[in-house]
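Chemist: Protein chains in written order, with the working numbering: chain A, 250 to 543; chain B, 2 to 362; chain C, 229 to 481. Cβ atoms here follow ideal geometry from the backbone N, Cα and C, with glycine treated the same way. If you're wondering where the values come from, they're calculated on a predicted model, not measured in any experiment.
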Amino acid sequence: MPTGSLSAPRGLRFGDVLPGAFVLVLALAPVLLFSVYPVAVLVANSFGVGIAPASGGFTLEHYDRAFASKSVSSALGNSVLVAIGSVCISLGLVLPIVLRQGKRSAARRERASASAADTLLALPMALPGIIIGFFAIVLVGRTGLLGLIWEGFSGFAYVFGGMLVAYVYFSFPRVLGPLRGAAAALDPALAECARTLGASRVRVFATVTLPMLLPAVIETCATASAVALGGYGTVATLSEGVRLLPLNVVNELTTGYRLADSSTLAVLLALGAVAAIAVGRLLSRGAKWAVSRA
Amino acid sequence: MTIVPESLAAHAGLLIERATVRYGGTVAAGEITLDVAPGETVALVGPSGCGKSTTLRAVAGLVPLSEGRIAIRGLDVTRAAPPSRGVGLVPQNYALFPHMSVAANIAYGMRARRVPATKRQRTVDGLLELTSLGHLADRRPDQLSGGQRQRVALARALAVEPSVLLLDEPMAALDPQLRGGLRRELAELLRAADSATLLVTHDQREALALGQRIAVLREGRIVQFGTARELWNDPADALVADFLAGSRLLDAHLDGEHAVLFDGRWRVPLDGLVKRTSAHGRTRVLMRPESLMIVGDAPRDQTALDAEVTHTEFVGEALHITLEAAGTVLTIRTPADVGVPRHVRVAVRPGHASLLIGSPN
Amino acid sequence: MNRAVLAVVLSFVLLPILATAIAATSVDFSHGPWGGGPTLDWLGYAWVPLAPVVARSLAIALGVVLLNLLLGGVISWWVARRPSWATFLVGYLVNVPLAIPGIALSVALVGTFPPLRPSGFLLVMAHLVFTLPFTLAALVPVLADPSLRAAEDVARSLGASHVRVARTITIPACAVGLAQAAAMVFALSFGEFNISFFVNPPAAPTIPFALFDAYSTGRLELASAQTIIFIAFIVPVLGAIVALQRRAGRSKT
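1. Do we get a CB-CB distance below 8 Å when we pair alanine 372 of chain C with the residues of chain A?
2. Sort A:Val466, A:Ala519, A:Leu446 and A:Thr486 by Cα distance to threonine 498 of chain A and report the nearest one.
3. Strictly under 8 Å for the Cβ-Cβ distance: is threonine 248 of chain C near chain A by that measure?
4. Between phenylalanine 283 of chain A and chain C, is any beta-carbon pair separated by less than 8 Å?
5. Are any of the Cβ atoms in chain C nearer than 8 Å to that of tyrosine 286 of chain A?
6. Under 8 Å, with one C-beta from each stretch per pair, do the region 406-414 of chain A and the region 488-506 of chain A reach the 3-pair mark?
7. Would you mind listing the alpha helix (DSSP H) stretches within the region 228-287 of chain B that are 4+ residues and don't spill past its ends, in chain order?
8. Under a CB-based cut-off of 8 Å, is proline 415 of chain A close to chain B?
9. Please tell me whether alanine 522 of chain A and histidine 311 of chain A are closer than 8 Å, where the distance is taken between their beta carbons.
10. Taking 8 Å as the CB-CB limit, is valine 318 of chain C close to chain A?
11. Starting from arginine 231 of chain C, find everything on chain A with Cβ-Cβ shorter than 8 Å and list it in chain order.
12. Glycine 378 of chain A: which of C:Glu420, C:Leu344 and C:Ala394 sits nearest, CA to CA?
13. For threonine 363 of chain C and chain A, any beta-carbon pair shorter than 8 Å?
14. Is there at least one Cβ from chain A nearer than 8 Å to proline 83 of chain B's Cβ?
15. In its own chain, which residues sit with a C-beta less than 6 Å from the C-beta of valine 318 of chain C, not counting the 5 before and 5 after it?
16. Would you be able to state if there are at least three C-beta pairs under 8 Å between the region 358-376 of chain C and the region 291-308 of chain A?
17. Answer yes or no: does any C-beta atom of chain B fall closer than 8 Å to that of arginine 452 of chain A?
18. Taking the runs of the alpha helix (DSSP H) that are 4 residues or longer, which of them lie wholly in the region 364-407 of chain A?
19. Could you name the residues that DSSP lists as bridge partners for valine 43 of chain B?
20. Could you pull the DSSP bridge partners for glutamine 225 of chain B from this structure?
21. If you check the beta carbons only, do aspartate 256 of chain B and leucine 357 of chain B fall under 8 Å apart?
22. Strictly by DSSP, which residues pair up with glycine 482 of chain A?
23. Since asparagine 294 of chain A meets chain C, which of its residues come closer than 9 Å, beta carbon to beta carbon?
24. Taking the alpha-carbon positions, what's the glutamine 225 of chain B to alanine 44 of chain B distance?
25. Do you know whose CA, among C:Ser444, C:Tyr320, C:Ala432 and C:Ala453, lies nearest valine 281 of chain C's CA?
26. Taking just the CA atoms, how far does alanine 409 of chain C sit from glutamate 318 of chain B?
27. Counting only Cβ pairs nearer than 8 Å, list the residues of chain A close to glycine 110 of chain B.
28. Which residues mark the beginning and the end of the alpha helix (DSSP H) in which tyrosine 24 of chain B is found?
29. Bridge partners of proline 336 of chain B, per DSSP?
30. By alpha-carbon positions, which one of B:Leu251, B:Pro336 and B:Thr335 ends up nearest to glycine 265 of chain B?
31. Counting only Cβ pairs nearer than 7 Å, list the residues of chain A close to alanine 96 of chain B.
32. Which residues of the region 297-314 of chain A have a Cβ closer than 8 Å to any Cβ of chain C? Give them in chain order.
33. Among the residues of its own chain, which have a CB less than 7 Å from the CB of threonine 248 of chain C, if the five just before and after it don't count?
34. List the residues of chain A whose Cβ lies closer than 8 Å to the Cβ of threonine 455 of chain C, in chain order.
35. Along chain B, which residues have their Cβ under 8 Å away from the Cβ of methionine 412 of chain A?
36. Pick out whichever of B:Val286, B:Gly47 and B:Leu262 has its Cα sitting closest to the Cα of glutamine 205 of chain B.
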């Protein structure tokens with residue numbers, strides 16, 4: 250046996266690489282063709298240099314129209330408020346649950362019931378937004394169940410508060426999942442040790458647990474906000490109530506196929522989501538740095 | 002060694018009385034009773050899963066007792082929350098707060114207890130000097146070596162002037178080559194502290210070197226608790242003998258001028274044995290590796306034993322020979338320059354094995 | 229306190245599902261819970277037209293899972309084993325559908341490939357690019373694990389062929405990750421609405437569109453019954469995901 254083949258790393262031989270590269274390109278093709286390329290076309294459409302009927306030549310008129318529109322700016326405002334508000338409320342609900350599960354003994358004791366609880370907590374994640382909107386109708390719609398208890402609940406689904414609660418249902422599993430992972434990665438000995446040194450539970454939370462979770466909290470919340478911002482299903486079901494930006498995106502296409510205008514709003518919506526994610530990453534890095542300098 | 006219940010209030014250090022911890026249905030630590038005086042170090046040793054760490058966590062208040070009591074400085078703390086117990090914990094991987102500097106780590110407990118800033122600073126400076134960490138005060142834990150981390154964890158625990166210091170496998174996270182030197186350093190630091198120290202380890206050398214007294218645990222229970230010398234000279238059973246000293250404990254009975262072992266197959270002359278009274282009932286012979294010798298030309302009587310060599314290990318200055326005789330595994334340490342045949346006869350090296358004479362009860 | 233919060237959140241999740249179940253089994257929900265008496269008729273009415281839609285959605289979801297395992301497997305292996313600037317870039321590109329809102333992507337897809345819509349091909353591709361990031365997230369860490377690579381090296385040194393190593397070492401090590409990815413992708417595809425909105429073939433709707441149609445036009449009781457049927461399909465998949473996650477968590481510690 251030639252000794253070279255034993256230890257030397259295998260060189261990139263032509264016959265070796267070619268089939269591999271071919272398979273790889275075949276696997277990557279759908280990604281490039283059906284996600285990256287259409288996004289590029291979307292941007293081109295919004296400037297009028299895309300595919301018909303959005304190919305009339307370069308123009309900024311679609312953006313001008315979008316920025317001038319009262320309906321767009323109020324929908325954008327509502328969207329941002331609902332996205333950020335629902336994520337903040339979710340965080341308030343999620344933190345106690347995450348911290349509770351950080352304790353070792355709790356997880357050990359109640360395995361079966363915890364598994365059922367986990368399934369239930371993950372359920373909203375797998376429900377399409379339209380169902381969450383429908384839940385709002387069943388509970389607090391005009392003939393909703395809770396309306397029987399108190400008149401004020403009737404029609405709550407169609408006001409801002411109702412929309413916010415519906416989006417909390419949508420957002421909190423998206424906050425819970427990543428934060429639970431981050432909390433599980435924390436060494437429980439840190440909090441235990443802080444306790445034995447004389448720190449109260451609140452103090453341990455403020456000085457050990459929170460600083461170590463903070464980067465994950467920021468990043469998770471930003472990502473969840475981005476998802477909530479773009480979430481269309483919930484507002485689609487509740488479309489007669491508060492108007493959010495995704496409704497405008499759809500409207501431009503369903504009432505007259507104005508592809509360029511719809512694309513423009515879609516680009517703005519996407520920019521908002523991408524900006525939220527990017528700012529979250531940046532702030533998260535900043536928090537990591539600040540915590541390590543504290 | 003036994004603890005009179007009334008002494009609970011009077012004991013100035015740590016007192017654990019019939020402490021039992023259950024996880025679900027299993028008993029992780031059962032009826033643990035031991036005491037640690039101020040300034041003393043007690044080592045809890047045993048194989049992994051024997052309940053030593055559970056006992057330590059129970060003292061820290063991190064797992065609840067289902068039965069029994071724990072008292073620190075005469076105060077019953079069985080149900081007290083961890084912060085109010087006055088313990089300093091050094092966990093297995095040190096659990097240094099990664100987002101704080103060395104100095105902030107050490108000051109953590111004092112901040113939590115609202116110690117004034119000037120006193121805090123003085124204590125931190127003192128501890129930095131004691132642990133020779135002064136030049137590292139502003140470093141982060143991830144910039145420290147294993148030995149330095151251990152000293153930070155110890156300083157952090159000592160900063161709250163704990164009545165009880167709890168060390169969980171303090172050497173386990175260190176490179177084996179460094180352990181010898183760091184063990185001596187740790188012994189110095191513990192001597193300087195006047196806390197009652199409870200040390201958990203699975204390493205018998207660490208236990209012997211650091212513990213004034215040693216408790217050997219097996220399956221959640223204390224097998225023997227006493228000074229290092231007591232355990233070395235008069236182990237309660239074969240496990241303690243093997244675990245602590247690598248020795249064999251063989252049942253024997255006296256017959257005139259001989260101790261009779263292996264149902265009469267081996268008769269060891271009494272004048273070659275060191276005689277001790279044992280606190281553990283039966284009469285036994287304690288065989289250490291250096292207690293035996295190979296006798297090539299011994300008379301074919303029963304003072305020597307036929308044995309088969311199963312393994313020979315060269316350890317530099319000596320040979321460790323593993324033998325099987327009468328169904329029992331024995332080890333011998335002999336000079337490295339002897340040749341060892343497959344079948345040998347072994348006899349007791351006069352004056353190197355002990356006869357533990359049981360008190361009839 | 230934390231326990232109380234958990235209880236509140238669990239009831240927050242459960243309450244609308246229970247309310248929907250009540251509506252689905254009420255003769256006339258506008259007269260309160262079980263108004264006019266309890267009935268299973270709505271569920272029966274809902275099931276008959278829904279059955280072919282469910283079958284179509286199941287078929288699409290299974291196809292998307294299969295494509296994910298094939299393409300995702302190849303891409304994951306490449307990203308985990310041949311890290312370079314190219315894999316770094318691909319890592320970003322694959323995640324594009326996570327950052328871009330589904331409805332925006334839907335507009336982009338229908339604007340780019342309108343002829344592919346009626347056949348349903350565009351829908352499957354849309355589901356594929358939307359779910360691929362989840363497959364990669366589950367598989368890449370497992371494949372990049374140094375201990376797995378060490379095990380593969382040992383198997384090779386013991387004389388096993390590449391195929392045998394893949395069959396006996398690599399795939400078993402990925403089994404939990406693969407199952408987790410498959411269940412996740414299935415759930416995502418089965419309930420996908422946003423990206424699908426403009427690309428689903430109008431003549432052959434998937435289950436979320438049947439639901440949406442019922443929400444805008446149908447009776448509340450009938451819509452509730454369809455919703456309950458959907459949830460009944462999704463809960464077992466979700467239970468499987470949670471069980472797999474716990475298993476993965478345990479084997480790690």
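Modeler: For this structure:
1. By this cut-off, alanine 372 of chain C is not an interface position.
2. Going by the sequence as given, residue 498 of chain A is valine instead of threonine. Nearest Cα to valine 498 of chain A within the set A:Val466, A:Ala519, A:Leu446 and A:Thr486: A:Ala519.
3. Interface with chain A (8 Å Cβ-Cβ cutoff): threonine 248 of chain C is included.
4. At least one CB of chain C lies nearer than 8 Å to the CB of phenylalanine 283 of chain A.
5. Interface residue (Cβ-Cβ distance to chain C less than 8 Å): tyrosine 286 of chain A is classified as such.
6. Yes, they touch.
7. Every alpha helix (DSSP H) of 4 residues or more that sits fully in the region 228-287 of chain B is shown, in chain order, as 229-234 and 239-246.
8. Checking the displayed sequence, the identity of residue 415 of chain A turns out to be alanine instead of proline. Using a Cβ-Cβ cut-off of 8 Å, alanine 415 of chain A does not count as an interface residue toward chain B, since no Cβ of chain B sits closer than that to its own.
9. No.
10. Answer yes: the Cβ-Cβ gap between valine 318 of chain C and chain A drops below 8 Å somewhere.
11. Among the residues of chain A, those whose CB is under 8 Å from the CB of arginine 231 of chain C are Arg349, following chain order.
12. When only C-alpha atoms are compared, the closest one is C:Glu420.
13. It does not; no Cβ of chain A falls within 8 Å.
14. Chain A contact via Cβ: present.
15. Within the same chain, valine 318 of chain C has no close Cβ partners at all.
16. Verdict: no, contact absent.
17. Chain B has a Cβ within less than 8 Å of the Cβ of arginine 452 of chain A.
18. Counting only runs of at least 4 residues, the region 364-407 of chain A fully encloses the following alpha helix (DSSP H) elements, listed from N- to C-terminal order: 378-389 and 394-398.
19. B:Leu199 and B:Arg214.
20. Answer is B:Val217.
21. A distance of 8 Å or more separates the beta carbons of aspartate 256 of chain B and leucine 357 of chain B.
22. As DSSP reads the structure, glycine 482 of chain A sits in no beta bridge.
23. Those are Val335, Ala336, Gly339 and Thr340, listed as they occur along chain C.
24. The straight-line gap from Cα to Cα measures roughly 12 Å.
25. Each of C:Ser444, C:Tyr320, C:Ala432 and C:Ala453 was checked against the Cα of valine 281 of chain C, and the nearest Cα belongs to C:Ala432.
26. Computed Cα separation, rounded: 59 Å.
27. At a C-beta separation below 8 Å, glycine 110 of chain B has these neighbours in chain A: Leu446, Gly447 and Ala448.
28. Per DSSP, tyrosine 24 of chain B belongs to no alpha helix (DSSP H); it is in the beta strand (DSSP E), 15-24.
29. Per DSSP, the beta-bridge partners of proline 336 of chain B are B:Ala319.
30. Ranking the options by Cα distance to glycine 265 of chain B, first place goes to B:Leu251.
31. Residues of chain A passing the Cβ test: Asp436, Ala438, Leu439 and Cys442.
32. Interface annotation for the region 297-314 of chain A against chain C: Gly299, Ile300 and Ala303, criterion Cβ-Cβ distance under 8 Å.
33. The answer, listed in chain order, is Ser452, Thr455 and Ile456.
34. Annotation: Cβ neighbours of threonine 455 of chain C in chain A (cutoff 8 Å, chain order): Ile380 and Phe383.
35. Within chain B, no residue has its CB atom less than 8 Å from the CB of methionine 412 of chain A, the nearest being about 38 Å off.
36. Ranking B:Val286, B:Gly47 and B:Leu262 by Cα distance to glutamine 205 of chain B puts B:Gly47 first.
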